[in-house]
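Quick note: the sequence shown uses the numbering used here, first residue 205, plus one each step.
Working notes for the structure below.
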Amino acid sequence: MSGCFSFMMLLLSVQGAYTQQGVRSILQTFDIQTGERQVILIENRHFEAPNWSLDGRFFIINQDGSLFKVWQDGAKEKIYTGDATRCNNDHLISPDGNTIALSHNIYDGEDGWLTSTIFTVPISGGEPVRVTKNVPSFLHGWSPDGKMLAYTARRNNQFDIYVIPSEGGTEIQLTNTKGLSDGPEYSVDGKFIYYNAMDSGKMELWRMDSDGKHTIQLTGDAYSNWFPHVSPTGRHVVYISYLQDVGSAHPPMKKVALRLYDLETKKIKTLYSFIGGQGSLNVPSWSPDGKKFAFVEYVDLKNDGSKD
């Protein structure tokens with residue numbers, strides 16, 4: 205069994221284990237200037253992957269296959285997505301703030317992930333419009349001009365990075381490596397795509413031109429580094445690191461750290477260590493002013509000794 209396929213099967217099994225009970229999910233924000241954290245929502249259920257709205261008023265999370273708005277006071281509002289009711293933790297807000305792009309499994313069941321497909325809906329809710337014809341496709345980035353979506357896709361038994369017009373069309377392959385390439389996200393000016401890949405033999409952060417050329421490795425340490433998210437100012441990249449090398453896997457409920465890469469100084473700062481991983485920082489989650497970002501911390505209630 206290939207490393208990429210093993211990664212996906214592990215992802216599916218651990219997601220299922222924490223979908224309903226036995227875990228506390230804590231949505232919070234982190235101020236990169238003060239180091240202060242603010243709790244927005246706590247539930248003794250599993251939810252994932254906060255986006256921060258362009259007006260700063262709410263977040264979008266996924267839970268039980270649906271998308272929800274979470275307001276700054278913690279109030280929740282379900283977003284109508286038609287028959288897209290098996291949404292995973294791949295969702296984005298368009299650069300103009302009017303649309304949500306999401307990944308939805310067309311079919312249910314153990315092999316449902318093989319039918320992950322990208323759709324768009326109005327941010328106020330509506331019927332989903334299909335973008336990708338080929339499956340599986342896992343959404344991650346939206347170009348600043350709103351014209352292109354970047355995603356990870358399994359084609360020819362390997363996971364590579366692709367882009368496609370946001371209104372649908374022909375997909376374009378950007379990477380072609382045997383190891384997993386994942387988490388593509390555009391730079392603020394649209395010239396580059398940041399991503400994580402196994403090209404060096406372990407999971408590190410990389411950057412390439414938006415056409416897939418001129419790849420550069422950004423990190424190289426003892427950690428497994430995932431999901432680079434570029435701040436609206438273009439100065440910083442926040443990402444999540446597994447404190448122990450987990451290969452090409454991205455499991456939940458592990459010791460991880462939020463880390464900040466300064467694109468000007470090339471220095472890396474560890475911001476906060478906690479229990480998390482899958483679902484904590486999958487999607488772009490910066491505040492509009494680039495001073496804060498949102499993430500999800502998890503508590504295993506079965507071992508924590510408290511269920512209140």
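All C-beta atoms in this analysis are idealised placements derived from N, C-alpha and C, irrespective of residue type, glycine included.
Residues near D235 by beta carbon distance below 7 angstroms, same chain, minus five either side: K495 and K496
Beta-bridge partners of V333, as assigned by DSSP: DSSP lists T324 as the beta-bridge partner residues of V333.
E408, buried or exposed, once every other Cβ within 10 Å from all chains shown has been counted against 16: buried
S173 vs F263 beta-carbon contact at 8 angstroms: With the chain represented from 205 up to 512, any question about residue 173 goes unanswered, as that position is not in the structure.
For L513, the three-state DSSP class (helix, strand or coil): It is not possible to answer for residue 513, since the shown part of the chain is limited to 205 through 512.
Check whether R411 and F431 have beta carbons under 8 angstroms apart: no
Closest Cα partner of R261 within the set W275, L447 and Q267: W275
Spatial neighbours of R290 in its chain, beta-carbon cut-off 7 angstroms, leaving aside the 5 residues before and after: G269, H308, N309, D312 and G316
Nearest neighbour of D449, chosen from G481, H433 and S328 [CA to CA]: Measuring from the Cα of D449, the nearest candidate turns out to be G481.
Start and end residues, beta strand (DSSP E) containing Q237: Counting along the chain, Q237 falls outside any beta strand (DSSP E), and DSSP gives it neither H nor E.
Residues that I472 bridges to, as DSSP identifies them: Y465
Pick from E371, F363 and L318 that is closest to Y399, judged by C-alpha positions: F363
Contact check, V513 vs L505, beta carbons under 8 angstroms: As shown, the chain starts at 205 and ends at 512. That puts residue 513 outside it, with no answer to give.
G316 - DSSP class collapsed to helix/strand/coil: helix
Residue(s) in a DSSP beta bridge with R411: Y398 and I420
Beta-carbon proximity of V487 to L296, cut-off 8 angstroms: Against a cut-off of 8 angstroms, the Cβ pair of L296 and V487 comes out as a contact.
Nearest-angstrom Cα separation, counted from K273 out to G350: 22 angstroms
8 angstroms contact criterion, which I265 and L231 should meet: CB distance rounded: 7 angstroms
In chain order, each beta strand (DSSP E) run of at least 3 residues that lies wholly inside the region 266 to 293: 270 to 275 and 280 to 283
Residue environment, Q267, which counts as buried when at least 16 other CB atoms sit within 10 Å: Q267 comes out buried.
Candidates A305, S347, G286 and I304: closest to D415 by CA position: The candidate whose alpha carbon is nearest that of D415 is S347.
Between the CA atoms of F499 and E240 - distance to the nearest angstrom: 13 angstroms
Simplified DSSP state of L245, which is helix, strand or coil: strand
Counted within 10 angstroms of its Cβ, other Cβ atoms place P321 as buried (16 or more) or exposed: Position check: residue 321 holds Thr in this sequence, whereas Pro was assumed. The residue is buried, with at least 16 neighbouring Cβ atoms inside 10 Å.
Rounded distance between the beta-carbons of L462 and I444, thought under 8 angstroms: Contact between I444 and L462 holds: CB atoms are separated by about 6 angstroms, below the 8 angstroms threshold.
Presumed contact (8 angstroms Cβ cut-off) between G373 and E331, rounded CB distance: About 20 angstroms separates the beta carbons of G373 and E331, which is beyond the 8 angstroms limit, so they are not a contact pair.
Among K406, T238, M402 and Y427, the one whose alpha carbon lies nearest that of I365: Measuring from the Cα of I365, the nearest candidate turns out to be M402.
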